[in-house]
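In what follows, a single structure is set out as structure tokens and then discussed.
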Amino acid sequence: MNNTHEWTAPGISPQLEKLQQLDLSLISDWLPFFEKNDCIIIDDVEQLQKTNPAAYATLHAQEITSLIAAPIFLDNKLAGYIGIDNYDSEKIKNSSYLLLSMSIFLSYAIRHRNHVDMLHRLSYHDLLTNALNRNAFMDVLSQFRPGQYASAGIIYIDINGMKEINDFYGHHQGDKILITTVAKVFNLFKPDELFRIGGDEFVIITYDLTETDFYEKFNLLRNIFCEKTNLPFSIATGSCWVKSPSDLNSLLQQADSAMYTDKKKFYYGKEKTSRYRHNLDDILNLANYSALQEALTAGQFCIYFQPKISLDTEEFIGSEALIRYINQAGEIIAPNNFIPILEEARLIKMLDLYVFEEVCKQINIWKERKLRVKPVSINLSRSTLSYHFLADQLLALITKHNIDISLLELEVTETAEVDNQLVFSQALEKLKEYGFSISIDDFGVRNASLSLFTTINFDILKLDRSLVKTLAQNQKARILIRSLAVICSDLGIKLIAEGVETLEQLDILKELRCNEVQGYLFSKPLPLNDFENKYLQILR
Numbered sequence: 429m430n431n432t433h434e435w436t437a438p439g440i441s442p443q444l445e446k447l448q449q450l451d452l453s454l455i456s457d458w459l460p461f462f463e464k465n466d467c468i469i470i471d472d473v474e475q476l477q478k479t480n481p482a483a484y485a486t487l488h489a490q491e492i493t494s495l496i497a498a499p500i501f502l503d504n505k506l507a508g509y510i511g512i513d514n515y516d517s518e519k520i521k522n523s524s525y526l527l528l529s530m531s532i533f534l535s536y537a538i539r540h541r542n543h544v545d546m547l548h549r550l551s552y553h554d555l556l557t558n559a560l561n562r563n564a565f566m567d568v569l570s571q572f573r574p575g576q577y578a579s580a581g582i583i584y585i586d587i588n589g590m591k592e593i594n595d596f597y598g599h600h601q602g603d604k605i606l607i608t609t610v611a612k613v614f615n616l617f618k619p620d621e622l623f624r625i626g627g628d629e630f631v632i633i634t635y636d637l638t639e640t641d642f643y644e645k646f647n648l649l650r651n652i653f654c655e656k657t658n659l660p661f662s663i664a665t666g667s668c669w670v671k672s673p674s675d676l677n678s679l680l681q682q683a684d685s686a687m688y689t690d691k692k693k694f695y696y697g698k699e700k701t702s703r704y705r706h707n708l709d710d711i712l713n714l715a716n717y718s719a720l721q722e723a724l725t726a727g728q729f730c731i732y733f734q735p736k737i738s739l740d741t742e743e744f745i746g747s748e749a750l751i752r753y754i755n756q757a758g759e760i761i762a763p764n765n766f767i768p769i770l771e772e773a774r775l776i777k778m779l780d781l782y783v784f785e786e787v788c789k790q791i792n793i794w795k796e797r798k799l800r801v802k803p804v805s806i807n808l809s810r811s812t813l814s815y816h817f818l819a820d821q822l823l824a825l826i827t828k829h830n831i832d833i834s835l836l837e838l839e840v841t842e843t844a845e846v847d848n849q850l851v852f853s854q855a856l857e858k859l860k861e862y863g864f865s866i867s868i869d870d871f872g873v874r875n876a877s878l879s880l881f882t883t884i885n886f887d888i889l890k891l892d893r894s895l896v897k898t899l900a901q902n903q904k905a906r907i908l909i910r911s912l913a914v915i916c917s918d919l920g921i922k923l924i925a926e927g928v929e930t931l932e933q934l935d936i937l938k939e940l941r942c943n944e945v946q947g948y949l950f951s952k953p954l955p956l957n958d959f960e961n962k963y964l965q966i967l968r
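Structure below.
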């Protein structure tokens, strides 16, 4: 135990430094009193010579002749004590109640300080990796002033293929990689130099290193990540060093740009899987903010529409907006080739908002042309949902283009692997409060959970095509869908089946009481003109 605070009367020598690293056995006789939340009163320290010689020796060495001590408890555990020494016995006895009251106030004060410290830590530290978080990073940027440092060096780190790792090996494996990444960085850099600014993105900010020292550490860092470990993964890095820095943001942009140049090597080196089928410069460049903005402005993204059909009437009742990319060769690129890149680059929100506004514009055009408009569903990524002002921005776009909110549905994907279920559910709740219709997409993929029926407020449940594909042969799939149909009916939720390709599947889904279907049996996703000609009739 240690003496942490001390007040001495005038003329009394401080003893704080002499009362450190003391053995707890010295106060073993006091503990029964403390456990009863009572004071220990020692009128005459000399009496301890026989009963507790070690305690006597310690107190006598400090010239303590009398003592009273009251316990300090935190969370019902003894955390310390407060004491007064060398008062006359009468004054000590009369002070016991005051001392107990002081110990209670101290307990509350310490607990409050601990809570403040904990809140500060939660606000500025990433609990998984122990690195500083984005809040701390933003504080550093806002507090920086030109002329503060002789030099500044920034290293941008992005873990390659993190989303793929989470999807195929689980988030527990992704968490291990994040923890390992931070541990490797801490081998070379101080804890207050590393920031986790995104899911798999880190920034290192150093000051007052020479250019040679900075790049030596940067190269050592890259070499560390090339070493073989039990967790095989790689990183993309970018760096920038300047003398007499005047602006950290420009350095960050340069390091970020260098990191994405490095990241291209990872994409080029991958096998041509369904996710990385098109290793083309213009696809990979979409991970750059300016390149994506230029592509959006140039109209290189177009929207296809796939109709939804009522199972009762087999009539057209709505559609889903699906994004496509037109590369420099004029080829139409499917979303599974560019969406993962935008998600990893944290730019998917730009595309989501672009699609939302384009659909709003198109609905308004259809209204002006007196076409029979049906609701259109629009996909939102989970990272877009975490954007704090999303609902307000969507509502502003609806107002801007003067359309009815009932003509829009928002599709989101729910799995047990959602990074933050609370953020996810709160975001959907706010969208519902604003009047949006919410559709849960791809239900049945991996760990989709029935708990969403009790934790999330939504209007539509879309069965993933993997459930529909085996309907004819898979009795368990039919039983599951029948049960979901009953649950959805009782809760007032529409049940939609995706990927319907055969009449046999359609007939089974009718028996199972699904509400709507979507799939190639009726139509593949169509470009705008074809969709209008086939499904939108002029109002009469």
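Take the sequence shown: its letter number 495 is residue 923 in our numbering, and every next letter is one higher.
From the three backbone atoms N, C-alpha and C, an ideal C-beta is built for every residue, glycine too.
If you draw a straight line from the Cα of alanine 719 to the Cα of aspartate 684, it comes to about 14 Å. In the structure shown, the three-state DSSP call for alanine 715 is helix. Taking leucine 823 as the centre and dropping the five residues before and after it, the same chain places the C-beta of Tyr862 closer than 7 Å to its C-beta, in chain order. By a beta-carbon distance limit of 8 Å, phenylalanine 950 does not contact isoleucine 652. Their separation comes to about 55 Å. Sequence-distant partners of isoleucine 605 (beyond 5 residues in either direction) whose C-beta falls short of 7 Å from its own C-beta, in its chain, are Ile587, Ile593, Leu659 and Phe661.
Counting C-beta pairs with one atom in each stretch, the segment 672-679 and the segment 756-767 have fewer than three that are closer than 8 Å, which means they do not touch.
In the DSSP assignment, tyrosine 577 falls outside any alpha helix (DSSP H) and carries neither an H nor an E.
The continuous beta strand (DSSP E) containing tyrosine 509 extends over residues 505-513.
Rounded to whole angstroms, the separation of the alpha carbons of leucine 555 and isoleucine 633 is 20 Å. Counting C-beta atoms within 10 angstroms of its own C-beta, tyrosine 525 has fewer than 16 neighbours from the protein chains shown and is therefore classed as exposed. If you ignore the 5 residues before and after isoleucine 512, its C-beta comes within less than 6 Å of the C-beta of Ile496, all in its own chain and listed in chain order. In this structure leucine 808 touches leucine 838 by the C-beta definition: roughly 6 Å separates them, less than 8 Å. Counting along the chain, the unbroken beta strand (DSSP E) around glutamate 837 starts and ends at 836-841. Excluding sequence positions up to five before and after glutamine 477, its CB lies within less than 6 Å of the CB of Tyr484, all in the same chain and listed in chain order.
Leucine 908 and lysine 922 have their alpha carbons spaced roughly 16 Å apart. The DSSP-derived three-state label of asparagine 765 is helix.
Two segments are said to touch when three or more pairs of C-beta atoms, one from each, lie closer than 8 Å; by this definition the segment 741-748 does not touch the segment 722-730. The residue among Asp595, Met590 and Gly598 with its C-alpha nearest the C-alpha of threonine 609 is Met590. Under the DSSP assignment, lysine 736 falls in the beta strand (DSSP E) whose first and last residues are 729-738. A residue is called buried when at least 16 other Cβ atoms come within 10 angstroms of its Cβ; tryptophan 669 meets this threshold and is buried. Scanning the segment 880-917 for uninterrupted alpha helix (DSSP H) segments of 4 residues or longer gives 880-883 and 893-897, listed from N- to C-terminal end. When the alpha-carbon of asparagine 902 is set against those of Glu932, Leu775 and Arg624, the nearest one is in Glu932.
Contact annotation, valine 851 with isoleucine 868: C-beta distance approximately 16 Å; criterion of less than 8 Å not satisfied. The three-state reading of DSSP puts leucine 808 in coil, since its state is none of H, G, I, E or B. Excluding residues up to 5 positions away in sequence, Arg800 lie with their Cβ nearer than 6 Å to the Cβ of glutamine 965 in the same chain.
Counting the other Cβ atoms within 10 Å of the Cβ of leucine 648 gives fewer than 16, which makes it exposed. DSSP, reduced to helix, strand and coil, places leucine 556 outside both helices and strands of the structure shown, so it counts as coil. In the DSSP assignment, the residues bridged to lysine 671 are Ser579. Cβ atoms of phenylalanine 766 and tyrosine 753 come within 8 Å of each other, at about 5 Å. A contact between stretches requires three or more CB pairs, one per stretch, nearer than 8 Å, and the segment 616-626 meets this requirement with the segment 547-565. Cβ contact annotation for proline 953 (same chain, cutoff 7 Å, sequence separation greater than five): Tyr732, Phe733, Gln734 and Leu750, in chain order. In the same chain as leucine 527, and ignoring 5 residues on each side of it, the C-beta atoms closer than 7 Å to its own belong to Cys467, Ile496, Ala498, Ile510 and Ile512, in chain order. Straight-line measurement puts the Cα of serine 894 at about 10 Å from the Cα of valine 928. Nearest to phenylalanine 646 by alpha-carbon distance, out of Asp740, Ile793 and Tyr584, is Tyr584.
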